[in-house]
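Comments concern the structure below.
Chains as they are written, first to last, in the working numbering: chain A, 1 to 261; chain B, 1 to 358.
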């Protein structure tokens, strides 16, 4: 496990919290609905072999909420600015859930910037007849429980006392998620028809008991992304970075090592 | 003072055993629990009651809009208004209000309301509201932009009513190159606008603007909270350079009149309990969607500082409300003599939640 350091940077008028650690090829990890900090354990593991960047999305966590943040496309364009501002070469991307969706929107806009893409329980598309987990209709703690194959993990996390600042961040995150994913829920109806533009290797990693985006979504991504492969994590829900972090880290690293050159 | 009769049109034939399986009678209660034959009976009964309210002397009738709920069978209040338009002759009809951000095109609301005002010869009062969280869940409309859509749609509707020449409306959510609404409203420049709310500084300040002067209607709040919001409205108006009079202010409160306090408390209790505990209740995550949660952070601070201003807690059973209820009933006692007991006694005999409470 390598140390991850945090700093604040400003891009396109938005202050963004950036966590970074490790050495090797750069990998940008785009977090999901739960924000950046819960992914830092996984980031530490990945940092054993990679130069890992974990920005907190505009509108989330310690990052500011810029007035221009209204759609998932705004986040995609923001990250194109982010890559420019930090003068990053084409990098590996890994994205979880909402972060996977952002990564896909980046990749269809500028495939050349994406050296490889790892999608973990990713949002972004809809499969008719396969309902997604209701994110806003149910109480947040019930939703959180449903995201794990082993709900006792969620229960233990929920039992910890929450400081008021963390509660504020939860509300902020929920608001940002609603802005970009309320309707249509967690997908862009225009994304699927352009996914063929992603020509780099794609590694799809999915929990076998993901109740947010059931496994049928992994198979649909596999079909839509011609250069993709699929790894299914057993006894794992929608939060592999919390439920199976070591297995997920190994899976991402193996995927990068085995990718076609 | 004017007294209006507010009908919520609840679905009274709710099976308590079915209702008990759900945390709310909004959204989650399947529409299989609704029997259209009973609905036919209720719609006609309620329209009769509204017509009777005019007959017994109420100054106006009040309708509202809510979706996917047994709380009210009135997702389209403009239709109910249309049904009343030619069966009433004198009473104002206040639609409080149309949930403008839900509609794809606000000009449809401008047209519907202008038609109603023409048919009724200027008896229409218009309210504009944003609705509650449930509305945004069942309609798939993003609540994080509802505030923008609310203000923009309201501006478009009022401009469309006032205009006598085609104009272009260049909004962010609504962009209409050629606005030319026929018919124009009967009342000129437009029907009175009332803004019902449960209390938010933002709304008070918006309604009290010198170019708006919209009637501010505090709903379901205890007298002490109501007074504070009304004082705030007066202060904002004074700062904006005009004086708010009682004609600019309203209070929506459950009112019950009986021969004595003791009789009033006893008779009203099951109905007000049914209202709050069976029909009104919603869990917080469906009552307030995310945008509203954030907008309410300042309101939450104010509530912490001043408990009088706290809204009713839907999760608390009715008994905790006794203080607020008593204040409402104080109000009822004062209304009684002024109305000579006539209209409100009818309202009492026809208490709309009686069946459900029984």
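Just so it is clear, CB atoms sit at the ideal spot from N, CA and C, and this is done for glycine as well.
Output yes if chain B places a C-beta closer than 9 Å to the C-beta of residue 192/A; else output no. Here residue 192/A refers to the residue found at position 192 of the first chain. No, its Cβ sits nowhere closer than 9 Å to a Cβ of chain B.
Contacts that residue 142/B makes with chain A (C-beta to C-beta distance below 8 Å): One-based indexing of the second chain puts residue 142/B at position 142. Result: 178, 179, 182, 183.
Among 256/B, 203/B, 26/B, 168/B, which one has its Cα closest to the Cα of residue 72/B? On the second chain, position 72 is the one that residue 72/B refers to. The option with the nearest alpha carbon to residue 72/B is 26/B.
Given that residue 285/B touches chain A, what residues does it touch there, using C-beta distances under 7 Å? As a first step, residue 285/B must be located in the second chain, where it is residue number 285. Correct list: 139, 140.
Counting only Cβ pairs nearer than 7 Å, list the residues of chain B close to residue 136/A. Looking up residue 136/A in the first chain gives position 136. The contacting residues are 137.
Thinking just about the alpha-carbon of each residue, which of 220/B, 257/B, 14/B, 253/B is nearest to the one in residue 30/B? Within the second chain, the letter at position 30 stands for residue 30/B. Shortest Cα-Cα distance from residue 30/B to any of 220/B, 257/B, 14/B, 253/B involves 14/B.
Is it a yes or a no for the stretch 271 to 281 of chain B touching the stretch 236 to 246 of chain B, going by three-plus beta-carbon pairs under 8 Å? Contact annotation: the stretch 271 to 281 of chain B does not touch the stretch 236 to 246 of chain B, with fewer than three C-beta pairs closer than 8 Å.
Which word fits residue 77/B, buried or exposed, when buried means at least 16 other C-beta atoms lie within 10 angstroms of its C-beta? Counting from 1 along the second chain, the entry for residue 77/B is found at position 77. Its Cβ being crowded by 16 or more others within 10 Å, residue 77/B is buried.
Would you say residue 27/B lies against chain A (beta-carbon separation less than 9 Å)? In the second chain, residue 27/B corresponds to position 27, counting from 1. Residue 27/B has a beta carbon lying within less than 9 Å of a beta carbon in chain A.
For chain B, is any of its Cβ atoms less than 9 Å away from the one on residue 70/A? On the first chain, residue 70/A is found 70 positions in, with the first residue counted as 1. So, interface residue.
Whole-Å CB distance - residue 5/B paired with residue 61/B, under 8 Å assumed: Numbered from 1 along the second chain, position 5 holds the residue referred to as residue 5/B. Numbered from 1 along the second chain, position 61 holds the residue referred to as residue 61/B. Right, the Cβ-Cβ distance comes to about 5 Å (below 8 Å), so this counts as a contact.
With distances taken Cα to Cα, identify the nearest neighbour of residue 92/B among 218/B, 2/B, 250/B. The sequence position of residue 92/B within the second chain is 92, counting from 1. Selected option, being the one with the closest Cα: 2/B.
Taking three-plus beta-carbon pairs below 8 Å as touching, is the stretch 173 to 183 of chain B in contact with the stretch 191 to 205 of chain B? Touching, no, given that fewer than three Cβ pairs across the two stretches are closer than 8 Å.
Taking its Cβ as the centre, do 16 or more other Cβ atoms sit within 10 Å of residue 178/B, making it buried, or is it exposed? What you label residue 178/B is simply residue 178 of the second chain in a count that begins at 1. By the 16-neighbour rule on beta-carbons within 10 angstroms, residue 178/B is exposed.
Whole angstroms are fine: how far does the CA of residue 212/B sit from the CA of residue 90/B? The residue given as residue 90/B occupies position 90 in the second chain. The residue given as residue 212/B occupies position 212 in the second chain. C-alpha separation (whole angstroms): 26 Å.
DSSP-derived helix/strand/coil call for residue 154/B: Stepping through the second chain from its first residue, residue 154/B is reached at position 154. Helix at residue 154/B.
Given that a residue counts as buried once 16 or more other Cβ atoms are within 10 Å of its Cβ, and exposed if not, what is residue 69/B? Locating residue 69/B in the second chain gives position 69, where the first residue counts as 1. A residue is called buried once 16 or more other Cβ atoms fall within 10 Å of its Cβ, and residue 69/B is buried on that count.
Should residue 256/A and residue 146/A be called a contact, given that it needs their Cβ atoms to be closer than 9 Å? By one-based count along the first chain, residue 256/A stands at place 256. By one-based count along the first chain, residue 146/A stands at place 146. No, the Cβ-Cβ distance between residue 256/A and residue 146/A is not below 9 Å.
With respect to 8 Å, is the separation between the Cβ of residue 51/B and the closest non-hydrogen atom of the ligand ZN below this value? Ligands in the displayed structure: none, and consequently the ligand ZN is not present.
6 Å CB neighbourhood of residue 131/B in its chain, flanking five on each side removed: Numbered from its first residue, the second chain carries residue 131/B at position 131. Cβ within range, chain order: 99.
Anyone know if the C-beta pair for residue 23/A and residue 76/A falls short of 9 Å? For the purposes of this step, residue 23/A is taken as residue 23 along the first chain, with counting starting at 1. For the purposes of this step, residue 76/A is taken as residue 76 along the first chain, with counting starting at 1. The answer is no: Cβ separation not under 9 Å.
With residue 243/A and residue 148/A assumed to form a contact (beta carbons below 8 Å), what rounded beta-carbon distance in angstroms separates them? Stepping through the first chain from its first residue, residue 243/A is reached at position 243. Stepping through the first chain from its first residue, residue 148/A is reached at position 148. Yes, residue 243/A and residue 148/A are in contact; Cβ-Cβ is about 6 Å, under 8 Å.
Cα separation between residue 129/B and residue 158/A? What you label residue 129/B is simply residue 129 of the second chain in a count that begins at 1. What you label residue 158/A is simply residue 158 of the first chain in a count that begins at 1. In a straight line, the C-alpha of residue 129/B is about 36 Å away from that of residue 158/A.
Given residue 140/A, which residues of its chain have a CB within under 8 Å of its CB, disregarding the five upstream and five downstream residues? Walking along the first chain from the start, residue 140/A turns up at place 140. Answer for residue 140/A: 170, 174, listed in chain order.
Looking only at its own chain, which residues have a Cβ that is under 8 Å from the Cβ of residue 104/A, when we skip the five neighbours before and after it? In the first chain, residue 104/A corresponds to position 104, counting from 1. Here the set comprises 95, 117, 119, 122, 124, 191, 195, 198.
Find the nearest neighbour of residue 231/A within the set 165/A, 219/A, 239/A, 72/A, judged by alpha-carbon distance. Numbered from its first residue, the first chain carries residue 231/A at position 231. Answer by Cα proximity: 219/A.
Which runs of the alpha helix (DSSP H) at least 4 residues long sit entirely within the stretch 213 to 271 of chain B? Give them in chain order. Taking only runs of at least 4 residues, the alpha helix (DSSP H) segments lying wholly in the stretch 213 to 271 of chain B are 223 to 239.
At a cut of 8 Å, does the stretch 177 to 187 of chain A reach the stretch 130 to 144 of chain B through at least three beta carbon pairs? Between the stretch 177 to 187 of chain A and the stretch 130 to 144 of chain B there are three or more inter-stretch CB-CB distances shorter than 8 Å, so the stretches are counted as touching.
Which residues in the same chain as residue 28/B place their Cβ atom closer than 6 Å to its Cβ, once the five residues preceding and following it in sequence are excluded? As a working mapping, residue 28/B is identified with position 28 in the second chain. 22.
Return the bridge partner residues of residue 129/B from the DSSP annotation. By one-based count along the second chain, residue 129/B stands at place 129. Answer by DSSP bridge pairing, in chain order: 99/B.
Quick check on this structure: which residue in 128/A, 53/A, 14/A has the alpha carbon closest to the alpha carbon of residue 78/A? The count along the first chain starts at 1 and reaches residue 78/A at position 78. For the options 128/A, 53/A, 14/A, the alpha carbon positioned closest to that of residue 78/A is the one of 14/A.
When you compare the stretch 7 to 21 of chain A with the stretch 54 to 70 of chain A, are there three or more beta-carbon pairs, one atom per stretch, that lie closer than 8 Å? In the pairwise beta carbon analysis, the stretch 7 to 21 of chain A is classified as touching the stretch 54 to 70 of chain A: at least three pairs are separated by under 8 Å.
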